[in-house]
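Structure first, commentary second.
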Amino acid sequence: DAGVTQSPTHLIKTRGQQVTLRCSPKSGHDTVSWYQQALGQGPQFIFQYYEEEERQRGNFPDRFSGHQFPNYSSELNVNALLLGDSALYLCASSLRDQPQHFGDGTRLSIL
Amino acid sequence: AQSVTQPDIHITVSEGASLELRCNYSYGATPYLFWYVQSPGQGLQLLLKYFSGDTLVQGIKGFEAEFKRSQSSFNLRKPSVHWSDAAEYFCAVGSGVTGGGNKLTFGTGTQLKVEL
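Protein chains in written order, with the numbering used here: chain A, 538 to 648; chain B, -4 to 111.
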């Protein structure tokens, strides 16, 4: 039973570019959440998707957007990249009120 | 707004010694509390959770945590630490009526080093 899978594992971009990160939830899960983890910090909630709709959003600018597909997989898009967007981006999936399961993340570096 | 404080940034213990990692939370309602562990280059693995009921919860890898409402604390403990326990530990509080599936607010983490 595959857990949460994220792609790519590493990514290097330059300032001003756009990036798309992908996440496949654990089998049977219907909710996907995205977190940003800066170096030496705890993860910070970006947003959550359920039934293809954004259900909750953290304190992140509109440059961060997402999507959930009918098969429950999800994408995180970041436009106009800034140096401060360099971080580990974690995807987590869950079912109803059960705890979230995390993927290994995508390490995004901005030059 | 909910928040989590982990007062200890780094902790070093000897293998076989006991461990307690501190966590204090701020949340207006009954909290849903979690401990996750993160090894270098990895995602987060759930150690244990508290939703309701018994305030002493057991988790994986021999860890346990105690919820103390009066102290707004949810400290993680292990009676005998193994070298493989070296990692970063995060306490988190979940919002919303559906608890674990909703927005998690994390502390800044405690880095555990185990001396052989």
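Even glycine gets a Cβ: it sits at the ideal position worked out from N, Cα and C.
Under the three-state reduction of DSSP, which class applies to residue i: helix, strand or coil?
i        : result
A/Gln637 : coil
A/Gln578 : coil
A/Ser544 : strand
A/Ile549 : strand
B/Ile55  : helix
A/Leu619 : coil
B/Ser65  : helix
A/Asn614 : strand
A/Gly642 : coil
B/Leu111 : coil
A/His478 : Absent from the structure is residue 478 of chain A, since the part of chain A shown begins at 538 and ends at 648.
A/Ser627 : One point to set straight first is that residue 627 of chain A is Leu, not Ser, in the sequence displayed. DSSP places A/Leu627 in strand when its eight states are reduced to three.
A/Arg594 : strand
A/Leu632 : coil
B/Thr100 : strand
A/Gln573 : strand
A/Tyr609 : coil
Answer with yes or no whether the minimum CB distance from residue i to chain A is below 8 Å.
i         : result
B/Phe69   : no
B/Gly94   : Caution is warranted here: a pLDDT of 48 is assigned to B/Gly94, below 50, making its placement in the model unreliable, and the coordinate value is therefore given only provisionally. Output row for B/Gly94: interface = yes.
B/Lys44   : yes
B/Phe58   : no
B/Phe85   : yes
B/Lys108  : no
B/Lys73   : no
B/Thr103  : yes
B/Gln(-3) : no
B/Tyr98   : The residue asked about is misnamed: residue 98 of chain B is Lys in this sequence, not Tyr. Taking Cβ atoms only, chain A reaches closer than 8 Å to B/Lys98, which makes this a yes.
Flag residue i as yes if its beta-carbon sits less than 8 Å from any beta-carbon of chain B, otherwise no.
i        : result
A/Pro580 : yes
A/Arg627 : With the sequence shown as reference, residue 627 of chain A is identified as Leu, and Arg is not the correct amino acid for it. Chain B contact via Cβ: present.
A/Phe597 : no
A/Gly565 : no
A/Phe601 : no
A/Pro636 : yes
A/Gly621 : no
A/Ser611 : no
A/Gln593 : yes
A/Phe606 : no
A/Gln573 : no
A/Gly553 : no
What whole-angstrom Cβ distance do residue i and residue j have, given they're in contact under 8 Å?
i        : j        : result
A/Cys560 : A/Ser610 : 6 Å
B/Leu16  : B/Asp3   : 7 Å
With a CB to CB cut of under 6 Å and the five nearest residues on each side skipped, what residues in its chain are close to residue i?
i        : result
A/Val556 : Lys550, Val615
B/Ser75  : Gly11
B/Arg72  : Glu15, Glu59
A/Arg633 : none
B/Asn19  : Thr0, Ser67, Ser68
B/Val52  : Leu43, Tyr45, Ala60
B/Tyr31  : Leu39, Leu41, Phe85
Hey, would you say the C-beta of residue i is under 7 Å away from at least one heavy atom of the ligand FMN?
i        : result
A/Val615 : With respect to small molecules bound, the structure shown includes none, and the ligand FMN cannot be examined in it.
Give me whichever residues DSSP pairs with residue i in a beta bridge.
i       : result
B/Phe29 : B/Lys44, B/Ala87
B/Trp78 : According to DSSP, B/Trp78 bridges with nothing at all.
B/Gly38 : In DSSP, B/Gly38 forms no bridge with anything.
B/Leu71 : B/Leu16, B/Ala60
B/Thr50 : Answer is none; B/Thr50 lacks a bridge partner.
Apart from the five residues just before and just after residue i, which ones in its own chain have a Cβ nearer than 7 Å to its Cβ?
i        : result
A/Gly603 : Trp571, Phe584, Tyr586, Glu591, Ser611, Glu612, Leu613, Asn614
A/Asp622 : Val615, Leu645, Ile647
B/Trp78  : Glu10, Val109, Leu111
A/Thr542 : Ser561, Gly640
Please go through the same chain and pick out, in chain order, the residues whose beta-carbon is closer than 8 Å to the beta-carbon of residue i, but skip the five residues on each side of it.
i        : result
B/Gly94  : A caution first: B/Gly94 carries a pLDDT of 48, below 50, which makes its placement in the model too unreliable to give a value.
B/Val8   : Leu14, Val76, Leu107, Lys108, Val109, Glu110
A/Gly574 : Strictly speaking, residue 574 of chain A in this sequence is Gln, with Gly absent from that position. So the qualifying residues of the chain are Pro580, Gln581, Ala624, Leu625, Tyr626, Leu627, Gly642.
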